[in-house]
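Participant: Before anything else, here's the structure in question.
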Amino acid sequence: MSIKRQEKLDQVLNQLLKSYREHSEIELIGSVELPAKDSIIRLVDDILVVLYPGLIRQESFDHLNLPYLAGQKLVSILERLELYTEQVLCWKYSQEGDNCHDNQQFGEQIEQITFSFLEYLPSLRETLALDVEAILRGDPAAVSKREIVLAYPGLIAVSVYRIANFLHKKNVPLIPRIMTEYIHSRTGIDIHPGAEIGRGLMIDHGTGVVIGETAVIGNDTRIYQGVTLGALSPLKSMADPELKRHPTIEENVIIYSGATILGNISIGAGSIIGGNVWLVHDVPPGSRVYLEDAPEKQEIRSGGGARN
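Mapping the sequence shown onto my numbering, position 120 (from 1) lands on 121, and the numbers just tick up by one.
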């Protein structure tokens, strides 16, 4: 390497080292341990393999080897989830000025979280089976349940959300957001792990769907691409971090593509929200909300057989 090239490389290296010192909050250099993003991605992919064996990854499952392979994967998931949960909770405590190793109940807390997650997997499969059934009923292009698992981004996005939501409810930091943002980058569907979503959710096509942190979605809801369940203001109340900023969608609601529903409002059960509608107020049950001709002519009709 020429002297001139070496000098340029040294200059860049020195600038990088200076940047690491000045912006230490966006890197991890030193003794504080956190799981790397790709470790969480591999973990969530392995959890999906357990939930949908033989369909997520090219692996040979049969009734003879299934107990062995499933047990092996559960042990691997358990060990990694314990390690990553310990790391992120220690990081959280250090941010608050505490030392996790001074807490006598810390190990019990980690074990309770991780084993309760494994115990959650059978019931999670029951919920996911209802999500698959909802897609099969709601999409005339769907051929079979296996096709839905293999090909539908909405199902995978909801599956990862349901994994992340469990950990979010256990107050596990970082990991749930990494999981849902990973699947957001894969599918274009952005679901905050703090949202509350009932059974039988169908997200069709899905690209551009956004579901905010305090959104609530009832059972048997159908959402199409480009739908936003967002907040009127991006500001979060520091006085009340639990402030509800996103909509509540009651059961059996259909929201067509491009609809924007903002704020702490309620969309009543059995309603149909048409494409490209903008909503910032409550909608009574059984309503049809649509654009008749142009945006200034948005109309709401209430009651009487909202669903087709």
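Using N, Cα and C, we set each Cβ at its ideal position, and we do this for glycine too.
Can the beta-carbon of P194 be found less than 8 Å from the beta-carbon of A158?
Facilitator: no
Participant: Considering only the alpha carbon of each residue, which of V278, W279, N277, P248 lies closest to I266?
Facilitator: P248
Participant: CB-CB under 7 Å to L70, same chain, minus the five flanking residues each way: which ones, in chain order?
Facilitator: Excluding sequence positions up to five before and after L70, its CB lies within less than 7 Å of the CB of F62, all in the same chain and listed in chain order.
Participant: Report the CB separation of T222 from V254 in whole angstroms; it is logged as a contact under 8 Å.
Facilitator: 5 Å
Participant: Excluding five sequence neighbours on each side, which residues of the same chain lie with their C-beta closer than 6 Å to the C-beta of V50?
Facilitator: I57, R58
Participant: Counting C-beta neighbours from all protein chains within 10 Å, is the total for Y21 16 or more, i.e. buried, or is it exposed?
Facilitator: exposed
Participant: Do G271 and Y291 come within 8 Å of each other at the CB atom, strictly closer than that value?
Facilitator: no
Participant: Mind checking who T229 pairs with in its DSSP beta bridge?
Facilitator: V211, T261
Participant: For M365, count the other beta carbons within 10 Å of its own beta carbon; 16 or more makes it buried, fewer makes it exposed. Which is it?
Facilitator: The displayed coordinates of the chain run from 2 to 309. Any statement about residue 365 would go beyond what the structure contains.
Participant: Give the range of the alpha helix (DSSP H) segment to which Y53 is assigned.
Facilitator: Per DSSP, Y53 belongs to no alpha helix (DSSP H) and is neither H nor E.
Participant: Going by Cα to Cα distance, which pick from I78, C101, G55 is closest to R147?
Facilitator: G55
Participant: Could you pull out every unbroken beta strand (DSSP E) segment of at least 3 residues lying fully inside the stretch 101-125, listed in chain order?
Facilitator: none
Participant: Would you verify that the beta carbon of Y94 is, or is not, closer than 8 Å to some beta carbon of chain B?
Facilitator: The structure shown contains no chain B, having only a single protein chain.
Participant: Classify I256 as buried or exposed, calling it buried when 16 or more other Cβ atoms lie within 10 Å of its own Cβ.
Facilitator: buried
Participant: Give a yes or no on whether the C-beta atoms belonging to D103 and S77 are separated by under 8 Å.
Facilitator: no
Participant: Using only CA atoms, which one of I149, L119, S186, V278 lies nearest to L131?
Facilitator: I149
Participant: Any idea what DSSP makes of R6, helix, strand or coil?
Facilitator: helix
Participant: How far does the alpha helix (DSSP H) with Y153 in it extend, from its first residue to its last?
Facilitator: For Y153, there is no enclosing alpha helix (DSSP H), as DSSP marks it with neither H nor E.
Participant: In the DSSP assignment, find the beta strand (DSSP E) that holds V290 and state where it starts and stops.
Facilitator: 289-292
Participant: Quick check: I41 and I176, are their CB atoms within less than 8 Å of each other?
Facilitator: yes
Participant: For W279, collect the residues of the same chain with a Cβ closer than 6 Å to its Cβ; drop the 5 residues on either side in sequence, then sort them by chain order.
Facilitator: T261
Participant: With a threshold of 16 other CB atoms inside 10 Å of the CB of E251, please say whether the residue is buried or exposed.
Facilitator: buried
Participant: Straight-line CA distance for V217 to T86?
Facilitator: 26 Å
Participant: How about V1 and I301: do their beta carbons lie closer than 8 Å?
Facilitator: The structure shown does not extend to residue 1, since the chain is modelled only from 2 to 309, so the question has no answer here.
Participant: Could you give the DSSP three-state label for T249: helix, strand or coil?
Facilitator: strand
Participant: Contact between the stretch 203-219 and the stretch 131-143 is defined here as three or more beta-carbon pairs at a separation below 8 Å; is this criterion met?
Facilitator: yes
Participant: Throw me the rounded Cβ distance for the V161 and V45 pair, which I believe falls under 8 Å.
Facilitator: 6 Å
Participant: Roughly how many whole angstroms lie between the Cα atoms of R289 and I224?
Facilitator: 15 Å
Participant: Helix, strand or coil: which one does DSSP assign to E1?
Facilitator: Here the chain comprises residues numbered 2 to 309, so residue 1 is not present and cannot be evaluated.
Participant: What does DSSP give as the partner residues of I179 in its beta bridges?
Facilitator: DSSP links I179 through a beta bridge to no other residue.
Participant: D99: buried (16+ other C-beta within 10 angstroms of its C-beta) or exposed?
Facilitator: exposed
Participant: Taking the straight line between their C-alpha atoms, what separation do you get for T188 and G259?
Facilitator: 17 Å
Participant: Pop quiz: G213 and R246 are said to be a contact at Cβ under 8 Å. What is the actual Cβ separation, rounded to whole angstroms?
Facilitator: With a Cβ gap of about 7 Å, G213 and R246 count as contacting.
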